[in-house]
Structure formats: C-alpha cells, structure tokens
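In this note's numbering, the protein residues as written are 1 to 413.
Read the structure below first, then the notes.
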Amino acid sequence: MLILTPSAFSLASAGTPSAALDWASSPNGQQLDDQGTCAPGLLPADQDVVLVLPPLAVSWHRVDLPKVPANRLRAVLDGLLEEQLLNDCADLHFALPPGARSGQTVWVAACHKAWLRGWLQTLEEAGHPASRIVPSLWPLAPAGAEPSSEPGVTHWAHLQSGQPWLASASELGVCCVPLSSAADPTALLQPASTESAAPARWMSEPGTAAQAEEIMDQRFELVAQTDWLLRCAQSTWNLAQFDLRLSTSARRGQRWRQVWRDWRSAPAWRTARWGLGALVAVQLLGVNAAAWQERRTLAHKQAAVQQTLKQAFPNVGLVLDAPMQMQRELTQLQQAGGHLAMHDLEAMLSALALAGAEQPLVVEKIRYDGKTAYFDAGASADAQWPALQEPLQRGGWKVLREASELGLTPDQP
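Okay, here's the thing in structure tokens:
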C-alpha cells in the first residue's frame with residue numbers, strides 16, 4: 001500500500017508533475033516500511049495507492065439523507081447543500097460516509113473538484129492511479145448516529161505548507177485553524193452542554209509539538225505524519241464517489257486487496273491465522289509420518305526379499321537386485337540339473353508347439369538374442385497369430401508382434 005498526501009495545499013496550484021508529495025508505504029496496511037517526499041514520477045511502485053486529502057481541502061456538512069434513486073442522489077445533494085456552501089455546487093465534489101443509508105443524518109464531505117481532479121490526473125500520468133481517496137480527519141459520529149452526551153474530540157497539530165495548524169474533529173464536525181494564541185482553536189467544537197467536559201485526545205507532529213503545547217497549555221501525544229497517514233488509510237472512508245467513482249473491476253480488485261491485507265495482518269484475524277497455521281502443520285506432520293511409515297514398510301519388505309535370497313542361495317554375496325539375482329541363480333540351477341529355463345530357446349519352441357497343437361505353425365525363420373525369440377511364419381502369420389496369442393499369454397509368455405514375426409519372451413524376468 002502506498003499512501004500519499006500533497007506536501008503543500010493551495011487551490012491555485014493543483015497537482016503538477018513537479019509538485020511534492022509526502023508518502024509512506026506499508027506491506028500489509030498495519031506497519032510502515034518506508035517513507036519519503038518526492039515528485040509523482042519518483043514514487044515507488046505499488047498497486048494500491050491511497051490519496052489522503054489535507055484537512056484544509058475538505059469541508060463537512062450535515063444533512064438528512066432522503067430516499068432517492070442512486071442516479072439522482074448527487075442532484076439531491078446539490079439542492080440540500082446549496083444554502084450551506086459559498087461555492088457553486090458544480091465546482092465541488094461530494095462524498096457520503098461509509099454505510100450511509102436513506103433516512104439517516106449524515107456528514108457529507110465536500111472538496112474542490114478541479115483541484116482533486118488535477119491531483120488524480122497527475123498521479124495517473126505518473127503511473128500511480130489512486131485506488132482510494134480518504135480524508136485526513138472526519139467527524140467522529142458514525143453515519144446516522146445521535147450525538148452522545150460526552151462526544152469525543154480529536155485534535156491534531158501539524159504543518160501545512162510550512163505553517164502550523166490545529167485540526168479538530170468531534171461529533172459536531174471538523175475545523176482547521178491556524179495554531180496561534182490569538183484565539184481558542186477548539187471553541188467551535190465544544191458541545192452545547194457544559195455539564196461534562198468532552199474527552200479529548202491531543203496529538204501533534206514532532207515539528208509542531210512544542211509550539212502547540214505552549215499555545216494550548218496542553219500535553220500533546222507525538223504522532224509522526226507517516227503514522228497519521230497510515231491511520232487515515234486504515235479507515236473505511238473512500239471519497240471516490242459519483243463522477244469520480246472507480247470502475248467495477250478496480251473496486252473489486254481494491255476489495256480483494258483489502259480482504260487479503262486484513263486476513264494477513266489485522267489483529268481480528270490473528271486467531272484464524274494461528275488456526276490455519278496449526279492445521280497446515282498438522283497436515284504436514286501427518287503426511288511426513290505416513291511417508292516415514294511407507295518407507296519403513298518398504299525397507300522391511302526389501303530386507304525380507306534379500307534375506308530370502310541369501311537363505312536360498314548362500315553363494316550370493318552382494319545383493320543389488322534381489323529378484324533379478326534370484327532369477328539368475330534359479331536359471332543356473334535349472335541348467336545344471338538339465339531343466340529348461342524360460343529364457344531357453346527350447347522352452348520357447350515347446351510353448352509355441354503346445355499353443356499351436358491344433359493347427360501347427362510353419363516357421364520359416366527364427367531369431368534368438370538370448371532373451372527373446374522371433375518366429376517368422378511368412379504369409380501365414382496373419383491367419384495363425386491371433387489363435388496363438390491367448391494360450392501363450394496364459395502360459396506365462398509375453399507375446400510381441402512385429403509384421404510377420406511373433407516374438408516370445410518370459411512375462412517375468
């Protein structure tokens with residue numbers, strides 16, 4: 001995952017090939033492995049690019065979402081927000097929060113369309129098209145939720161275009177003001193009821209922490225910009241809606257990458273990952289145990305065959321191929337006792353004579369190579385071979401047919 005945000009914010013200068021971007025990369029969406037600042041053309045390659053909009057780039061407006069068809073929702077938002085906006089609605093891009101449904105009171109994000117399109121086009125031309133667009137800060141109330149009695153407040157002191165700013169978010173919205181002692185930057189976000197103070201979290205980039213603590217008389221938690229960018233990318237927000245909506249295939253790929261990152265690294269899936277790992281380990285152990293048992297059984301059988309060979313033929317010293325050596329020793333004993341071995345030509349002639357007892361075969365030529373005998377019956381071969389093949393195979397012979405020749409060899413060596 002590659003997370004980007006413009007180093008400087010100005011509506012007068014949208015994204016250009018030479019504009020600087022602060023970036024951070026994460027292999028799993030949970031931890032960072034690299035960071036930097038560079039032009040769009042020098043960014044590291046990544047399939048999942050998340051563009052984080054600065055707090056100054058997004059305004060927030062609370063509306064009651066009516067029940068209308070999806071293709072008319074943008075026009076309806078124009079009518080609902082027309083009175084709240086200083087700019088023409090046609091010049092702005094709108095986005096709804098995750099999970100927004102008709103009938104709910106929701107926060108609508110608005111940003112300058114030409115500025116956003118400029119950055120998206122610059123990233124696409126540089127070979128890094130954005131797969132998601134997320135805000136740096138957003139109202140803390142979920143879509144459709146009623147404000148609680150003690151709304152939480154998040155404050156973030158940061159540098160924007162070289163100047164210190166304090167961005168604050170609560171259930172009452174988001175504001176971003178210069179960090180100075182001239183006014184209380186948090187006044188706009190205090191709840192209407194003063195019966196209980198709102199629990200707040202104060203965070204700051206290291207470069208603005210000292211100034212923020214002096215002005216606000218408040219202890220700030222140090223949060224690097226890259227960690228803040230990762231926090232934004234981990235949210236479920238995606239401002240790429242309406243005319244900036246991604247293609248179906250891009251959204252599908254984005255969802256699959258998000259599912260894979262969550263499965264691989266999210267704490268919620270840790271138990272499932274351990275379970276799958278344990279299951280794979282058990283399977284591997286079982287396969288290895290079965291293979292070891294098979295090898296052990298095979299070794300016992302081979303040892304038994306070798307022992308049988310040595311007991312039957314004590315003169316055999318080194319056992320290399322027990323079945324072959326046993327056959328050779330048996331053949332030698334048969335020859336020594338005047339018995340025919342299966343490889344002897346006489347045995348093959350006898351088998352051929354028995355198979356053709358009813359219709360004797362007239363052999364014109366015989367070839368014998370010590371293991372296989374070839375009998376050439378000439379023109380009568382086609383008529384006689386089929387009748388000979390079955391009785392020869394029953395007698396333990398392997399029958400080979402080559403043109404007018406019939407080859408015989410023992411079925412077992």
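Glycine is no exception: its CB is placed at the ideal position from the N, C-alpha and C atoms.
Can the beta-carbon of residue 168 be found closer than 8 Å to that of residue 8? no
What are the boundary residues of the beta strand (DSSP E) that includes residue 428? The shown model of the chain, from 1 to 413, leaves out residue 428, and the question about it has no answer.
Could you check the C-alpha separation between residue 331 and residue 378 for me, to the nearest Å? 32 Å
Kindly indicate which residue of 206, 56 and 232 has the alpha-carbon position closest to the one of residue 24. 232
Taking residue 173 as part of the beta strand (DSSP E), name the residues at either end of that continuous run. 173 to 178
Tell me the residue span of the alpha helix (DSSP H) that contains residue 348. 345 to 355
Please identify the residue among 322, 313 and 294 whose C-alpha is closest to the C-alpha of residue 427. Any property of residue 427 remains undetermined from this structure, which presents the chain solely from 1 to 413.
Using DSSP's beta-bridge definition, name the partner residues of residue 296. In the DSSP output, where bridge partners are listed per residue, residue 296 has none listed.
Nearest-angstrom Cα distance between residue 1 and residue 292? 44 Å
Bridge-paired residues (DSSP) for residue 36: 23
Is the stretch 53 to 67 touching the stretch 204 to 212 in the sense that three or more CB pairs, one from each, lie closer than 8 Å? no
Nearest neighbour of residue 33, chosen from 40, 44 and 396 [CA to CA]: 44
Would you kindly work out how many angstroms separate the C-alpha atoms of residue 315 and residue 303, rounded to a whole number? 17 Å
Between residue 19 and residue 123, what straight-line distance do the alpha-carbon atoms span, to the nearest angstrom? 11 Å
Tell me, to the nearest whole angstrom, how far the beta carbon of residue 69 is from that of residue 102; I am working on the premise that it is less than 8 Å. Residue 69 to residue 102, Cβ: 10 Å. No contact.
Would the beta-carbon of residue 397 fall within 8 Å of that of residue 406? no
What alpha helix (DSSP H) runs, 4 residues minimum, are completely inside the stretch 198 to 254? 209 to 216 and 225 to 233
For residue 165 and residue 225, the rounded distance between their alpha carbons: 13 Å
Put residue 30 into one of helix, strand or coil per three-state DSSP. coil
As assigned by DSSP and simplified to three states, the class of residue 323: helix
Going by C-alpha distance, which of 390, 241, 47 and 157 is nearest residue 71? 241
Which word fits residue 243, buried or exposed, when buried means at least 16 other C-beta atoms lie within 10 angstroms of its C-beta? exposed
Under the assumption that residue 229 contacts residue 52 (Cβ atoms under 8 Å), give the Cβ distance between them as a whole number of angstroms. 6 Å
I believe residue 131 touches residue 48 by the beta-carbon criterion, under 8 Å. Please report the beta-carbon distance rounded to the nearest angstrom. 5 Å
C-alpha gap between residue 117 and residue 220, whole angstroms: 35 Å
Within its chain, find whatever has a CB closer than 6 Å to the CB of residue 156; leave out the 5 residues flanking it on each side and keep chain order. 167 and 203
By how many angstroms is the C-alpha of residue 129 removed from the C-alpha of residue 248? Caution applies to residue 248, whose pLDDT of 49 falls short of 50 and renders its modelled position unreliable; the value that the coordinates give is listed next. Looking at the two C-alpha atoms, the distance is approximately 15 Å.
CA-to-CA distance, residue 111 to residue 143, given in whole angstroms: Because residue 143 sits at a pLDDT of 45, beneath the cut-off of 50, its placement in the model cannot be relied upon, and the following sentence gives the value as read from the coordinates. Answer to the nearest angstrom: the Cα atoms are 19 Å apart.
In the DSSP output, what is residue 169 paired with across the bridge? 154 and 174
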